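Encoded as structure tokens, the structure appears first; notes follow it.
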Amino acid sequence: MPRLLIGNRPSEDLVGTWGKAVMGWWAQRLLWFIRDGDVLVLPEAPDEEFLSYATELTGTDPASITVVVPPAGNRPGEWLLDPELVDRTRQALAGRTLDEVFALCPNEAVVELARALGAPSAVPGHEFLDQGGALIADSKAIFRTLAAGVGVPLPEGGVSANPESAYRLITRLLDAGRPVILKKEFLGAGNGNEVLTLTEDLKVNGAGRTVVLPDARDAVRIYLNERWEWLTEGRLHRIVVEAYHPGSRAVFAEFRIGDEEIELGGQGEMVAEPVADHSYLPAPGLTAEQERALMAGGRKLSEVLQAMGYRGVLSADAIVVDAGSDGSGASEVLFTEYNGLVTGSTHVYHLGKQLAGADYARDRLLAEYVSWPVASFAEARKHLESEGIAYDRATRTGVVLLNSWREKLGAVPYCVIAQDVEAAERLKERLAEQAPKP
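What follows is the structure in structure tokens.
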């Protein structure tokens, strides 16, 4: 029986139009998950060069894959539920019963599409998702509630539904000498974060904007008055207020939640400059104690979501606060959010397991970078091959192109598979030095 793979993004009622302009490009990460016979539903046709490249690396027969895209034109409403798209998907299945539905962003629209195809139960956790569960599985505010309830360690702070609550939390932290990070409830990759500080020399990573306040009273009220609409997506959502820890490391543990089992998918470190820039999988240099704390907290959060009915990928994000940086003299792992969807790292470790082995983390590092300036995808591939730095199955090292060429940036994202961080950086420098000019 076929699988249905869906390249969707979070619902607009959660993240607005953020990311919508590049949705077709972003969704092509779905190609790393395909198997022979799959039916793919994408917002637009994938780049043929990238499709050929991905299927060649994964050993998938491209002739066995069926790609379904919505009709041309900017129609209103949820594109997954366009009647013509539903008909096209039904025709692609040709009467076959769906075995599984795998979506980048599992939500009620995915369940509704599966229901229209006669197979809602093919969506893992469909009962949970059908009742708005995507909101629970991806909310930073609900995350803090659940994490606090089961004893998962958090940065000091709280959730605010109104400016007065936010004002109390912010001023309490600023009065204690702590910079503050404010987070939109749903936006990702640091793009919905802002840091408030009373000092001008604070180095900030993980936030799109830093605001230096002249005081911890009137200036906070002025800031909230100016930014509340933006922070809450027009007063639709709550915000998270947390103590910001300068110099901390952002790490994650990603799990696959099933009916019975919770399996570790991968773990790593995210580096923001100042928002998400690159990542290492696994996270280099974690102590045994830090890794145990990351795994324990991530698994506890997964157990909570499993009990609630969620099924699929769950990434538990945390920060490692180094010994003494907060005055405690001890290293801490504090959890900052979870993400109940296919993240920007899921396809990277999935690819690593396919190419370098299920136990790749034993002797290989995956270093994922968001962009390499090149003239085209074809030029990028040609350069890797001519310079002998394309991924080599014999050595289990080299560069893999992670997506098609993004025209607006003139770049492609890529992954370096190497023995360690130093080897990955050497290969990255070599790549940058010899890059074709766009």
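If you're matching positions, the sequence shown starts at -7 in the numbering used here and goes up one per residue. We treat Cβ as the ideally placed atom computed from N, Cα and C, and that holds for glycine. Here the structure is a predicted model, which is why all the values come from computation and not from measurement.
Per-residue burial, residue i [other beta carbons within 10 Å of its own, 16 or more giving buried]
i	result
Arg227	exposed
Glu119	exposed
Trp364	buried
Met300	exposed
Asn154	exposed
Gly390	buried
Trp17	buried
Gly51	exposed
Asp351	exposed
Asp91	exposed
Leu197	Before going on, a small fix: residue 197 reads as Asn here, not Leu. Looking at its Cβ environment, which holds 16 or more other Cβ atoms inside 10 Å, Asn197 is buried.
Asn395	buried
Met262	buried
Gly319	Any reading at Gly319 needs caution, since the residue's pLDDT is 49, under 50, leaving its predicted position unreliable; the model's value is listed next. Under this definition Gly319 is an exposed residue.
Pro(-6)	buried
Trp397	buried
Asp412	exposed
Glu265	exposed
Ser113	exposed
Asn142	The question names Asn, but residue 142 is Val in the sequence shown. Its Cβ having fewer than 16 others within 10 Å, Val142 is exposed.
Glu414	exposed
Gln20	buried
Thr81	buried
Asp39	buried
Ala111	buried
Tyr309	Here residue 309 is Asp; the residue named in the question, Tyr, does not match the sequence. Counting Cβ neighbours within 10 Å, Asp309 comes out buried, since at least 16 surround it.
Cys407	buried
Arg170	buried
Val392	buried
Distance between beta carbons of residue j and residue i, contact taken as under 8 Å
i	j	result
Gly260	Tyr272	6 Å
Leu357	Ala410	6 Å
Gly149	Ala235	6 Å
Asp122	Glu100	6 Å
Phe178	Asp210	Not a contact, Cβ separation roughly 30 Å.
Val232	Lys132	5 Å
Leu326	Leu146	6 Å
Gly304	Pro116	5 Å
Gly(-1)	Pro35	6 Å
Trp436	His270	Coverage of the chain is limited to positions -7 through 430, which leaves residue 436 absent and any answer about it impossible.
His237	Val362	Actually they do not touch by this definition, with Cβ atoms about 24 Å apart.
Val434	Leu138	With the chain covering -7 to 430 only, the question about residue 434 has no answer from this structure.
Tyr341	Leu306	Tyr341 to Leu306, Cβ: 14 Å. No contact.
Glu186	Val203	6 Å
Glu225	Lys176	7 Å
Leu216	Tyr302	Not quite, the Cβ-Cβ distance comes to about 33 Å (not below 8 Å), so this is no contact.
Beta bridge counterpart(s) of residue i as assigned by DSSP
i	result
Arg213	Looking at the DSSP assignment, Arg213 forms no beta bridge with any residue, so it has no partner.
Cys407	Glu360 and Val392
Phe327	Ala310
Pro365	Ala403
Ile254	Ile249
Glu242	The amino acid at residue 242 is misidentified as Glu; the sequence shows Ala. Answer is Met262 and Ile311.
Asp412	Answer is none; Asp412 lacks a bridge partner.
His375	Per DSSP, none; premise fails for His375.
Thr58	Val31
Asp384	Thr389
Val204	Thr189
Arg398	Ala403
Arg(-5)	Glu92
Gly304	Ile249
His270	Val263 and Tyr361
Ala235	Val172
(request) Mind listing, in chain order, the continuous beta strand (DSSP E) runs of no fewer than 3 residues lying wholly within the region 137 to 193? (result) The beta strand (DSSP E) runs of length 3 or more contained entirely in the region 137 to 193 are, from start to end of the chain, 149 to 152, 172 to 176 and 185 to 189.
(message) Check whether the region 30 to 40 and the region 53 to 64 are in contact - that is, three or more C-beta pairs closer than 8 Å.
(response) Yes, they touch.
(request) Say whether the region 156 to 167 touches the region 244 to 264, bearing in mind that this needs 3 or more beta-carbon pairs closer than 8 Å, one atom from each stretch. (result) No, the region 156 to 167 does not touch the region 244 to 264.
(request) State whether the region 379 to 386 contacts the region 408 to 424, with contact taken as three or more CB pairs (one from each stretch) at a distance under 8 Å. (result) With the cut-off at 8 Å, the region 379 to 386 and the region 408 to 424 touch.
(message) Ignoring anything shorter than 3 residues, give me the beta strand (DSSP E) runs that lie fully in the region 75 to 116, in order along the chain.
(response) Correct list: 92 to 95.
(request) Spell out a yes or no on whether the region 279 to 288 and the region 209 to 224 are touching, meaning 3 or more CB-CB pairs, one atom from each, closer than 8 Å. (result) Under the Cβ criterion (8 Å, minimum of three pairs), the region 279 to 288 does not count as touching the region 209 to 224.
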